[in-house]
Every structure is written in structure tokens, then in C-alpha cells.
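Engineer:
Chains as they are written, first to last, in my numbering: chain U, 1 to 314; chain G, 315 to 565; chain F, 566 to 663.
1) Let me know the secondary structure DSSP gives residue 304 of chain U once reduced to three states.
2) Can you tell me which residues form a DSSP beta bridge with residue 248 of chain U?
3) Leaving out the 5 sequence neighbours to the left and right, which residues in its chain are closer than 6 Å to residue 85 of chain U when beta-carbon positions are compared?
4) If you compare alpha carbons, which of F/583, F/597, F/579 and F/660 is closest to residue 302 of chain U?
5) Would you list the one or two residues that DSSP bridges to residue 622 of chain F?
6) What residues in its chain sit with their C-beta under 7 Å from that of residue 567 of chain F, if we drop five residues either side in the sequence?
7) Nearest by alpha-carbon distance to residue 175 of chain U: which of G/373, G/380, G/560 and G/349 is it?
8) If you drop the 5 nearest sequence neighbours on each side, which residues of the same chain put their C-beta closer than 8 Å to that of residue 569 of chain F?
9) From the DSSP output, in three-state form, read off residue 124 of chain U for me.
10) Please classify residue 592 of chain F as buried or exposed, where buried requires at least 16 other C-beta atoms within 10 Å of its C-beta.
11) At a CB distance below 7 Å, what residues from the region 114-139 of chain U approach chain G? Give them in sequence order.
12) Do you know offhand how far residue 576 of chain F's Cα is from residue 87 of chain U's?
13) Please say whether residue 56 of chain U and residue 553 of chain G have beta carbons closer to each other than 8 Å?
14) I'd like to know if residue 624 of chain F contacts chain U, where contact means its C-beta is closer than 8 Å to some C-beta of that chain.
15) Going by DSSP in three states, residue 595 of chain F sits in which element: helix, strand or coil?
16) Could you give the C-beta distance for residue 331 of chain G and residue 365 of chain G, rounded to a whole number, given that I count them as a contact under 8 Å?
17) For the alpha helix (DSSP H) containing residue 191 of chain U, name the first residue and the last one.
18) How is the alpha helix (DSSP H) around residue 362 of chain G delimited, first residue to last?
19) With 8 Å as the threshold, decide whether the Cβ of residue 22 of chain U is near any Cβ in chain A.
20) Using 8 Å as the cut-off, can you tell me whether the region 370-387 of chain G makes contact with the region 250-262 of chain U, which would need three or more C-beta pairs spanning the two stretches below that distance?
21) Which residues mark the beginning and the end of the alpha helix (DSSP H) in which residue 264 of chain U is found?
22) Could you run through the region 579-601 of chain F and flag, in chain order, every residue whose CB is less than 7 Å away from some CB of chain U?
23) Closest by CA to residue 539 of chain G, which one among G/511, G/398, G/503 and G/361?
24) Residue 394 of chain G by DSSP, collapsed to three states: which one?
25) So the candidates are U/49, U/116 and U/134; which of them puts its Cα closest to the Cα of residue 188 of chain U?
26) So, does the CB of residue 59 of chain U fall closer than 8 Å to a CB anywhere in chain G?
27) Quick check: the region 146-161 of chain U against the region 187-203 of chain U, are at least 3 beta-carbon pairs closer than 8 Å?
28) Beta-carbon of residue 574 of chain F versus every beta-carbon of chain U: anything under 8 Å?
29) In the DSSP assignment, the alpha helix (DSSP H) including residue 453 of chain G goes from what residue to what residue?
30) Excluding sequence positions up to five away, which residues of its chain have a Cβ less than 7 Å from the Cβ of residue 420 of chain G?
31) I'd like to know whether the C-beta atoms of residue 68 of chain U and residue 359 of chain G end up nearer to each other than 8 Å.
32) Candidates U/293, U/311, U/305 and U/280: which alpha carbon is nearest residue 51 of chain U's?
33) Can you check whether the CB of residue 65 of chain U is closer than 8 Å to the CB of residue 333 of chain G?
34) Measure the CB-CB distance between residue 459 of chain G and residue 522 of chain G and report whether it falls below 8 Å.
35) When you compare the CB of residue 607 of chain F with every CB in chain U, is at least one pair closer than 8 Å?
36) Could you spell out where the alpha helix (DSSP H) holding residue 93 of chain U opens and where it closes?
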């Protein structure tokens, strides 16, 4: 029997038929998805914080409105993703517990600080750019609810990268102080963005299985190279310099070569030693704990109303 | 001469919307539950949008190269004309909700009348904003009821919020000099008219929320004429930092 | 203050009619304490870009789903009934507007 189910499952994957929540699936597939989708959701939620920092300091009313809308979109994306994960039999509260206890990870990029306004531009251009590159293939993920959530996310995400690029473009054309600000932001965000694609393929143990299951469509290194190729061209329009002296066009490969990535830093930040790991997690925990009485009150009131309705019926 | 009072009145409306929108936006990323984080950010966006409409109009009337941003970012606290209520710190969710409820209800009745303003532009802005504010009143009054009639803790927090905020409600209906002039010229709203409606709405929601309202107390005022709490200076220090640090830059 | 609420707000499935004359379509889910809040949350979460004009919220526990393993008995029979589909009928090209 079990064999039969596995075959049906494999067959669906092969034929690009989406797996839906009530379909039989291997336990490991379910667990891998829960881990990946919840990490993705956590990244959206924690990702609200570094940019949220600048909402009260945005330099014009237009920028302020755009930034609020953007950070709010991220809350929405987190919500879509938590919902997708919930179809696999885990609750949002359980996922929060995993985040707050440090058991679940989120994208390390959000453990870096936003120091100047230009960081909002750099995050939009690079971090959202890298995220989009990761996410577009996920719209074809083999798990239906995940794929559908990603379609919605990608549709909404398209303005995020544009607003970031526009910020940097404006700064690039601005005063010497503004250009310095923009270059400094690029210097700090470039390498962490490159690391967002995850470890090198030969050090990414889950990649092969995830590719077979069509949860993942491209390897980390493939996506990383694609991102670098795109950015190396776009940066020319900004009049800024990517902080990698080895970045050169390679005629033979048709790609840009790039310098060595500091993987030690990557693993340190994942381990919790990034500049803002503690602060980000504390902020999330604080919001959650301070909201407990609000959530309880709303539940209590809803129950009260239900009881009153029941009394009216009988 | 007329212009000066019209500008002041428009700035007063703009400042109210901006400062409370700014306060709401402080919740973005820190709300008690994801869905409500999104809800309050939406309200922040509505209010900042309203502020921009009023500032843009004030800038047009002012001329002299004024823009929505010079008005929002280059005036000092003594030039801001918002009521004190909107600059109070967010406190907990109870205080934020109560502030929003008092203010949105005020805005609702105010904009309703402002739609009939002799000034076509103010009337148009009010008409558009009224749809948004109708939702803000609904959202915030439901939360007042939920928290007032929820748990013992939520009730106590609401009682404390009323205690903290009530004395800032009187200023809403205390006409500033530019409002009196505007009423005479029929572009501003007569506040004594809307006060009755406001009291009625607040009372009925608070009864449903099982929350007693205080008897008459001393009311704080001054914001409309530029005499603010200490909080406003800190809001502006944050908000205006970049414009002040890099004068004349484009963003 | 108890750090862990007894239970989280229930999950709701959200259906939105994007245009008068169209069906309500499932757009996703969210958490809310009651139906009223579910509809308002849906407005804030799923119509931030004016995507809808009518919202349905159904508590997820009241959704009854067919079992995927029954799919063959439920839907395959319809597969044979090609005559239900308009393209089953070959008409001369001269027939327009049908």
C-alpha cells in the first residue's frame, strides 16, 4: 500500500501536478516544506524590523507612505506563508514558538543593521532583488498552497525592488554626502545579499532532495550567479561601485566572475553572532508577549457573544 | 489676509492627520497579532494620505515655493497646529485604540460637515477622506468594545487609558482663532455642532463596552495654537532629521 | 499575565468577489477572533490593492473537503461526458455567434 502511494506521489511530481494538502505525501516532504515555508514566513516578519526602523525618519511624505506600504506588504507576505504552512498541520503559534525559542531560522540578512537612509534603498534593490530571484521559481513549487502564496507575493513584491532602486538612483544623482551614503550602503549590503542564496551547492545537503521534489527549482549557486550578472549591469546606472575587485565579465562563461565569499561570516551570523540577532529576536518576542492580553481579550469577548447568541436560540 | 487663516486652518487639519498617522506607523512590525499589524498600518497610510492632500493644498495657497514636504519637515513645534491628543505616546494597545477611537469619531463628524465647506478643495478632500474615516471609526469602536468587555485585564487597561487620555478630548471642540475666522467665512466647521454627536457616539460605544466615562474634568489645550506637550519635539526630531541634516537635498 | 494564551484565534478561509457578476474566489486564510473581525482583517490583508468588492469569511473548521482518494469516483465520470462541452459539436464554419 505504502509503495503504491509513493508511486502516485512521485508520478504527480514528475507530471508537474501540484500536491495539495489532503493528498498523501512522504513525511519528509511535509517536514521539509514546513521548515522551508515557516522559515520564509519568519524572514518576512523579522524583515519588517530593519526597514521599519526608518518609517518614522523617512525624508519625505511620499517616501514615508511608500515605506509603510512596503513593510506592511511584508506582514501580508508573512501571513500568506504562515497560512500555507498551516495547511500542512502546524499552527501559527507553534511556528512562533519555534522562532522565539531560536529553533527556527530566518534569513540572516535581517541581522544586519540599517544605519542610514541609503540602506532602505540598498535593501530594496539588493535584498528584495535577491528575494525575488529566489521566489519567482517558487511560484512553480510542487506544493499547491506554497506556489499560490508565492504568486501573490511575487505580484506584490515587484514594486519593492523598484522603490529601492529609485532611492539609490536619487541619492546617486544627489550631493556628495548623498553619494557617499549610497556607496557606503552598497558596501555593507553587497556581500550579505550574495550570501542570501545560501551555502555553495556542494555544502547544501538539502538541495538535491528538494530539487527532486520540485520544492526548489534552481540550485543556490545558479541563482547567485544570475543575481550577480543582473546587478553588475544595473549598478552602472547608479554610478556606484560594487565592492568586489574581482568582479569581471568572463567572455568564455558568459557570466561575471566574482571574488571569494566570506563563508565564515555567513556561518557566524547563522549561529547567532550577527550584529543584530539578539535585538531582532527580542523585538519579536516583546511584541508577541505584550500582545498576549489583547489576543486573550478578543477571544474572551468572542466567546461571550457566542454564549449570548446561544441563549437567544434556546 | 484671508489666506493666512485659510492656510492655518488647512495646516491644522493636515498636522492632526500626519501626527496621528506617524504614531500609528510606529506600530508597524510590533502589533499584537499580524492581522492587526496590517490593519493599523492601513490606517496610518490613510491618515498620511489625508495629511498630504491638506499640505498640498496649503502649499498651493501659500505659494512662495512651499511644498507638502517643506510644510511637514521644515516647521518647528511651535508652528504645528495639531491637537495634543494625537501626539500622545502610543502606550499599550488599549491607549492606542482609545486615542484612535476618540480621534476618528471627531474626524468623522468634522469631515461630514467639511464636505459642505465653501472652500471647494477642502470639501473635496473631506469627501474622499470620509470613506476612510468611516472604516476607522468602525474598526476602533469594535476594539473599544472588545477590550472593555473582554477580560478583567483588558478592562483595567481600558480604564487606565481613559484616565490618561480623557483630559485631551476637550481641545477638539475648543475653536482656535483661525477656526473662528473660518467659521465666519463659512469654510471651517462649527465645532459646537459636532460636539453633541461626538459625545453621543462615544457614550453609546462606551456603554456597550461597559466602560464608564469620567465626569467633567479639567481639559488640556493649546496644541491648536502651537503650545504642545514635550512629545511633539521628539516626534519632529525623528521625522525631520534627514531634511534638517541635509538641507536642500532631493530624496 | 499568562504568557501563553489558551488557544489561538480560529482560522478563517476568505473568498472575494473581485467584480460584480463574478464568483467569489478563495484567496487565502487568516486568523480572527470572530466573524466581524475576519471580514475586516480580510479587507486589510487581501484587498490592499482594491482587489475586491465583496468578502465571505468561513471558519476553516466548517469547510468540508472531499477526500482526494475519492476523486476518481467523483469526477472521472464527468470525463466521459464530452457532450457537455461545447467543442464536442462540429458545426459548419458559416454558423456564427454560437
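For glycine and all other residues, C-beta sits at the position ideal for the given N, C-alpha and C.
Structural biologist: Taking the definition as stated:
1) The count along the first chain starts at 1 and reaches residue 304 of chain U at position 304. Residue 304 of chain U: helix per DSSP, three-state reduction.
2) Numbered from its first residue, the first chain carries residue 248 of chain U at position 248. According to DSSP, residue pairing for residue 248 of chain U in a beta bridge involves U/257.
3) Here residue 85 of chain U refers to the residue found at position 85 when the first chain is read from its first residue. Correct list, in chain order: 34, 37 and 38.
4) Position 302 of the first chain holds residue 302 of chain U. Taking only the C-alpha atoms, the option nearest residue 302 of chain U is F/597.
5) By one-based count along the third chain, residue 622 of chain F stands at place 57. Per DSSP, F/579.
6) Within the third chain, the letter at position 2 stands for residue 567 of chain F. Because the pLDDT at residue 567 of chain F is just 42, under 50, the model does not fix this residue reliably, and the value given afterwards should be weighed accordingly. Correct list: empty, nothing qualifies.
7) Here the question's residue 175 of chain U lines up with position 175 in the first chain. For residue 175 of chain U, the nearest C-alpha among the options comes from G/560.
8) For the purposes of this step, residue 569 of chain F is taken as residue 4 along the third chain, with counting starting at 1. Residue placement at residue 569 of chain F is flagged as unreliable, the pLDDT there being 49, under the threshold of 50; a coordinate-derived value is accordingly withheld.
9) Within the first chain, numbered from 1, the residue matching residue 124 of chain U stands at position 124. Correct three-state label for residue 124 of chain U: helix.
10) As a working note, residue 592 of chain F is residue 27 in the third chain. The residue in question, residue 592 of chain F, is buried, as its Cβ has 16 or more Cβ neighbours within 10 Å.
11) 117
12) In the third chain, residue 576 of chain F corresponds to position 11, counting from 1. In the first chain, residue 87 of chain U corresponds to position 87, counting from 1. Going by the C-alpha atoms only, they are around 11 Å apart.
13) Locating residue 553 of chain G in the second chain gives position 239, counting from the first residue. Locating residue 56 of chain U in the first chain gives position 56, counting from the first residue. In contact: residue 553 of chain G and residue 56 of chain U (Cβ atoms closer than 8 Å).
14) The residue you call residue 624 of chain F lines up with position 59 of the third chain. So, not an interface residue.
15) For the purposes of this step, residue 595 of chain F is identified with residue 30 of the third chain, where counting begins at 1. If DSSP states are grouped into helix, strand and coil, residue 595 of chain F belongs with the strands.
16) For this step, residue 331 of chain G is matched to residue 17 along the second chain. For this step, residue 365 of chain G is matched to residue 51 along the second chain. The Cβ separation is near 4 Å, so the contact holds.
17) Locating residue 191 of chain U in the first chain gives position 191, where the first residue counts as 1. Unbroken alpha helix (DSSP H) run through residue 191 of chain U: 176-195.
18) Within the second chain, residue 362 of chain G is the residue found at index 48, counting from 1. It spans 348-376 - the alpha helix (DSSP H) in which residue 362 of chain G sits, taken as one unbroken run.
19) Going by chain labels, chain A is absent from the structure shown, which instead holds the protein chains U, G and F.
20) no
21) Working through the first chain from its first residue, we reach residue 264 of chain U at position 264. It spans 263-268 - the alpha helix (DSSP H) in which residue 264 of chain U sits, taken as one unbroken run.
22) 593, 594, 595, 596, 598 and 599
23) Along the second chain, read from residue 1 onward, the residue named residue 539 of chain G stands at position 225. The candidate whose alpha carbon is nearest that of residue 539 of chain G is G/398.
24) Position 80 of the second chain, counted from the start, is the residue given in the question as residue 394 of chain G. DSSP places residue 394 of chain G in coil when its eight states are reduced to three.
25) To locate residue 188 of chain U, count along the first chain from 1; it is residue 188. Cα-wise, what sits closest to residue 188 of chain U is U/116.
26) Residue 59 of chain U sits at position 59 when you count from the first residue of the first chain. So, interface residue.
27) no
28) Against the third chain, residue 574 of chain F aligns to sequence position 9. Closer than 8 Å to some Cβ of chain U, the Cβ of residue 574 of chain F qualifies, so yes.
29) As a working mapping, residue 453 of chain G is identified with position 139 in the second chain. For residue 453 of chain G, the enclosing alpha helix (DSSP H) begins and ends at 434-462.
30) As a working note, residue 420 of chain G is residue 106 in the second chain. Closer than 7 Å at Cβ, skipping near neighbours: 486 and 512.
31) The residue labelled residue 68 of chain U in the question sits at position 68 within the first chain. The residue labelled residue 359 of chain G in the question sits at position 45 within the second chain. Closer than 8 Å, so yes.
32) The residue given as residue 51 of chain U occupies position 51 in the first chain. The shortest C-alpha separation from residue 51 of chain U is found at U/280.
33) For this step, residue 333 of chain G is matched to residue 19 along the second chain. For this step, residue 65 of chain U is matched to residue 65 along the first chain. Contact: no.
34) The residue you call residue 459 of chain G lines up with position 145 of the second chain. The residue you call residue 522 of chain G lines up with position 208 of the second chain. Yes. Within cutoff.
35) As a working mapping, residue 607 of chain F is identified with position 42 in the third chain. False, the Cβ-Cβ gap to chain U never drops below 8 Å.
36) As a first step, residue 93 of chain U is located in the first chain; it is residue number 93 there, counting from the start. Here the alpha helix (DSSP H) through residue 93 of chain U covers 92-100.
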